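K.L.:
In the numbering used here, the protein residues as written are 3 to 545. Handing you this structure, nothing more for now.
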Amino acid sequence: MKYIYKIVLLSLVIIGFVSCDANENFEILPPQDGITINNPVNGSTVVLDDTNISNPGLTINWSAPTLLGTGASFNVEVALTGTDFAAPVVIGTTETNVINLTVVELNTLALDVLEIPGETTASIDIRIVSGEQVSNRVSVILTPFSIEFTELYLTGSLTAWEPAQGLPFTRLGFNEFEITVDLADGDAFKFIPQTDKGWDGAWKEDPNNPGTLIDEPGDPNISGYPAGKYKIYVNLNTFTFTVTQITAPPTLFIVGDNTTPNWNPGISPQMNLVSEGVFALVIELQGPSKGFKFIPTNVNYDGDWGEDPANPGTIIQDGEQNLSGYEAGKYLVIVDFNTLTYKVTAVNSLYMVGSITNPDWNPAISPQMSEASLGIYSLVVDIADGDGFKFIPTNAGYDGDWGEDPAKPGSIIQDGEVNLSGYAAGKYVVAVNYNTLSFTVSAVSALPTNLYLVGQFNGWNAGAALPFTKISSGIFEITQTLTAGGEGFKFLPQQDWPNDWGESKTSPKVLEQGAEQNVIVNADGTYVITVDFNKGNFSTVLQ
3 MKYIYKIVLL
13 SLVIIGFVSC
23 DANENFEILP
33 PQDGITINNP
43 VNGSTVVLDD
53 TNISNPGLTI
63 NWSAPTLLGT
73 GASFNVEVAL
83 TGTDFAAPVV
93 IGTTETNVIN
103 LTVVELNTLA
113 LDVLEIPGET
123 TASIDIRIVS
133 GEQVSNRVSV
143 ILTPFSIEFT
153 ELYLTGSLTA
163 WEPAQGLPFT
173 RLGFNEFEIT
183 VDLADGDAFK
193 FIPQTDKGWD
203 GAWKEDPNNP
213 GTLIDEPGDP
223 NISGYPAGKY
233 KIYVNLNTFT
243 FTVTQITAPP
253 TLFIVGDNTT
263 PNWNPGISPQ
273 MNLVSEGVFA
283 LVIELQGPSK
293 GFKFIPTNVN
303 YDGDWGEDPA
313 NPGTIIQDGE
323 QNLSGYEAGK
333 YLVIVDFNTL
343 TYKVTAVNSL
353 YMVGSITNPD
363 WNPAISPQMS
373 EASLGIYSLV
383 VDIADGDGFK
393 FIPTNAGYDG
403 DWGEDPAKPG
413 SIIQDGEVNL
423 SGYAAGKYVV
433 AVNYNTLSFT
443 VSAVSALPTN
453 LYLVGQFNGW
463 NAGAALPFTK
473 ISSGIFEITQ
483 TLTAGGEGFK
493 FLPQQDWPND
503 WGESKTSPKV
513 LEQGAEQNVI
523 VNADGTYVIT
533 VDFNKGNFST
543 VLQ
């Protein structure tokens, strides 16, 4: 199908409804005594396509009695079959006995005036009226074609009323478009199918039918929305639009198959607000998942959000369905209230690729990072001056790679990312936290050859710190009774305070030195504590 823009009927076709008051008592005279339609014949079939839109689409001609005299005026009226011309549409007025409609004129009449959906067959009635004379009726079976629009733009006070500066919509499907914009108080706008033809074909709201688009001159622009962020949806199949204000909740939780017991709001994990209106969290599903959704509080399901069944990847509150169909595994879930969209990405492994391991950035020999805790990966690496690197989910290639957000240092993104670089030569603990879409590259001193435990349990007496058992190179283990909360504990490379190690403040279970915090356990008991200086993380397992 060719891509053409909606074309307004020529002056021959008057788009409008004519009152039937003056005609409602007409007597339809017998054909031999009155106006008789000769063409088309009753039951004719017309199937339109957009191959040659200027070709003749329908010719209507008739004969009239001489009693009408010369100079008689004829109105050509049409209506959907079955309406009995309750609201006839005048498609032309002439003093001749013929009217011709081109393909595009007839198609526009069908779509815009009679509201027959494209590619749908309907029957229309035709009659001729002159004064008190009314012709016989002729029915025509008509199938219009759908006009396809591939582009749509928003223009108005947001663009200084410059069509050339129109904001592009995202095309969702056949003649369906969507855009997210920030509106200020008093903003007004309309929609145009192109930016290089001025206001040609501009759509505004029908003042008599809110939510409906028309392109008649003089109609009011779309306005009246308070300041805020909005998602605007336009359907040019039905010439309708919706404007939905986007209000991000202050908090967001995931409820569903990701907890035990399932679907319990009270234990639903809270997502992290990673930027304005954007939440992220890694969850583990046992699979095959029956699904999950989002709730603004962990009290109940009020105000819940789910997937729009008509638009996968988007969220709605009414008529939503659960996000489902995921196999067992760990997934990064991102919800963006700026666009009312979500993304679910498997995060079961992570590798570092770059000049830190090989000058050719060969994914196949990239070192695998270790999972320190759910959604958090770490590794201890040596970085040379000038080294750069990024992260990949598998060592098979660069698909799904992550790098630094150039607009937000310390954050990771997948589109528009840059390599991590600029670090002085040395040894570092590198950590990626998918839960907060962030990373850290923390310099450390030489890795310990011995390790000791110090903390609240022994009054923070470094000289009496308890020795770990060395399990293998860089890996140490100890069993210790600990109390929940309090001041916790840390790790020492010797029974003294220099170069102590603790937990990263941003990535739980990741080792850090210099800006660390104490390690805290959540329950009283005896723990096996394992510290891995190869991977840069530790574990505390309650016995």
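Here a beta-carbon is modelled for each residue, glycine too, at the ideal position from N, C-alpha and C. If you're wondering where the values come from, they're calculated on a predicted model, not measured in any experiment.
Given a cut-off of 8 Å on the beta-carbon distance, is the pair residue 182 and residue 101 in contact?
P.N.:
No, these two residues do not count as a Cβ contact at 8 Å.
K.L.:
In or out: residue 436 buried (at least 16 other Cβ within 10 Å) or exposed?
P.N.:
By the neighbour-count rule (16 or more Cβ atoms within 10 Å), residue 436 is buried.
K.L.:
Curious, which full-length beta strand (DSSP E) runs of at least 3 residues does the stretch 118-142 contain?
P.N.:
Counting whole runs of 3 or more residues, the stretch 118-142 contains the beta strand (DSSP E) stretches 124-132.
K.L.:
Which runs of the beta strand (DSSP E) at least 3 residues long sit entirely within the stretch 374-453? Give them in chain order.
P.N.:
Segments of the beta strand (DSSP E) lying fully in the stretch 374-453: 378-385, 390-394, 428-435 and 440-446.
K.L.:
If you count every other CB in all the chains shown that lies within 10 Å of the CB of residue 492, and 16 or more means buried, which is it?
P.N.:
The residue in question, residue 492, is buried, as its Cβ has 16 or more Cβ neighbours within 10 Å.
K.L.:
Would you kindly report the start and end of the unbroken beta strand (DSSP E) that includes residue 257?
P.N.:
Taken as a continuous stretch (DSSP letters only), the beta strand (DSSP E) holding residue 257 covers 255-258.
K.L.:
Taking three-plus beta-carbon pairs below 8 Å as touching, is the stretch 377-387 in contact with the stretch 416-436?
P.N.:
The answer is yes - the stretch 416-436 touches the stretch 377-387, with three or more Cβ pairs under 8 Å.
K.L.:
Between the beta-carbon of residue 352 and the beta-carbon of residue 393, is there less than 8 Å?
P.N.:
Yes, the pair counts as a contact, with Cβ atoms nearer than the cut-off.
K.L.:
Does DSSP classify residue 63 as helix, strand or coil?
P.N.:
The answer is strand: DSSP assigns residue 63 an E or B state.
K.L.:
So what's residue 247 in DSSP terms, helix, strand or just coil?
P.N.:
Reduced to three states, the DSSP call for residue 247 is strand.
K.L.:
State yes or no: is the C-beta of residue 511 within less than 8 Å of the C-beta of residue 518?
P.N.:
Contact: no.
K.L.:
Buried or exposed: where does residue 233 fall if 16 or more other Cβ atoms within 10 Å of its Cβ makes it buried?
P.N.:
Classification for residue 233: buried.
K.L.:
Closer than 7 Å by C-beta to residue 179: which residues in its own chain qualify, once you throw out the five before and the five after it? Chain order, please.
P.N.:
Excluding residues within five positions, the ones whose Cβ falls inside 7 Å are 154, 171, 172, 173 and 236.
K.L.:
Please go through the same chain and pick out, in chain order, the residues whose beta-carbon is closer than 7 Å to the beta-carbon of residue 228, but skip the five residues on each side of it.
P.N.:
Within the same chain, residue 228 has close Cβ partners 187.
K.L.:
In the structure shown, what three-state DSSP assignment does residue 517 receive?
P.N.:
Three-state result, residue 517: coil.
K.L.:
Name the DSSP bridge partner or partners of residue 503?
P.N.:
Its beta-bridge partners are 493.
K.L.:
Identify the residues that DSSP records as bridge partners of residue 332: which are they?
P.N.:
Partner(s): 286.
K.L.:
Using 10 angstroms around the beta-carbon of residue 30, count the other beta-carbons present and answer buried if the total reaches 16, otherwise exposed.
P.N.:
Because residue 30 sits at a pLDDT of 44, beneath the cut-off of 50, its placement in the model cannot be relied upon, and the point is left open.
K.L.:
Ignoring anything shorter than 4 residues or poking outside the stretch 301-325, list the alpha helix (DSSP H) runs there in chain order.
P.N.:
Segments of the alpha helix (DSSP H) lying fully in the stretch 301-325: there are none.
K.L.:
Does the distance from the C-beta atom of residue 414 to that of residue 335 stay below 8 Å?
P.N.:
Not a contact, by the Cβ cut-off of 8 Å.
K.L.:
Among residues of its own chain, excluding the 5 on either side of residue 389, which ones have a beta-carbon nearer than 6 Å to its beta-carbon?
P.N.:
If we look at residue 389 and ignore the five residues flanking it on each side, its Cβ neighbours are 357 and 358.
K.L.:
Does the stretch 272-280 come into contact with the stretch 308-323, if we say contact requires no fewer than three beta-carbon pairs (one atom in each stretch) closer than 8 Å?
P.N.:
Touching, no, given that fewer than three Cβ pairs across the two stretches are closer than 8 Å.
K.L.:
Starting from the C-beta of residue 119, find all residues in its chain whose C-beta is less than 6 Å away, skip the five residues before and the five after it, and write them out in chain order.
P.N.:
The answer is none, since no qualifying residue turns up.
K.L.:
Residue 108 lies in the beta strand (DSSP E); which residues open and close that run?
P.N.:
Element bounds for residue 108: not the beta strand (DSSP E) but the alpha helix (DSSP H), 105-110.
K.L.:
Using DSSP's beta-bridge definition, name the partner residues of residue 348.
P.N.:
Answer by DSSP bridge pairing, in chain order: 333.
K.L.:
Using the rule of at least 16 other Cβ atoms within 10 Å of the residue's Cβ for burial, across every protein chain shown, is residue 209 buried or exposed?
P.N.:
Residue 209 comes out exposed.
K.L.:
Which residue marks the beginning of the beta strand (DSSP E) containing residue 273, and which one marks its end?
P.N.:
Counting along the chain, residue 273 falls outside any beta strand (DSSP E), and DSSP gives it neither H nor E.
K.L.:
If you drop the 5 nearest sequence neighbours on each side, which residues of the same chain put their C-beta closer than 7 Å to that of residue 28?
P.N.:
In this prediction, residue 28 scores a pLDDT of 41, lower than 50, which makes its location untrustworthy; the coordinate-derived value is nonetheless stated afterwards. Hits under 7 Å: 134 and 136.
K.L.:
Considering only their Cβ atoms, is the gap separating residue 349 from residue 284 smaller than 8 Å?
P.N.:
Contact flag set, yes.
K.L.:
Work out the CA separation of residue 222 and residue 391 for me, nearest whole Å.
P.N.:
If you take the alpha carbons of residue 391 and residue 222, they lie about 55 Å apart.
K.L.:
Evaluate residue 206 with the Cβ neighbour count: other Cβ atoms within 10 Å of its Cβ, from every protein chain shown; 16 or more gives buried, anything less gives exposed.
P.N.:
Burial call: buried.
K.L.:
Could you check which residue in 448, 193 and 485 has the C-alpha nearest to that of residue 459?
P.N.:
Nearest of 448, 193 and 485 to residue 459, Cα basis: 485.
K.L.:
Is it buried or exposed for residue 202, if we count other Cβ within 10 angstroms and need 16 for buried?
P.N.:
Exposed, since its Cβ has fewer than 16 Cβ neighbours within 10 Å.
K.L.:
Quick check: the Cα distance between residue 109 and residue 225, rounded to an integer number of angstroms?
P.N.:
Each residue's alpha carbon lies about 31 Å from the other.
K.L.:
Write down the C-beta distance between residue 382 and residue 538 rounded to the nearest angstrom, noting that I regard them as a contact closer than 8 Å.
P.N.:
About 4 Å; that satisfies the 8 Å criterion.
K.L.:
Between the alpha carbons of residue 455 and residue 476, how many angstroms are there, rounded?
P.N.:
For residue 455 and residue 476, the distance between alpha carbons rounds to 15 Å.
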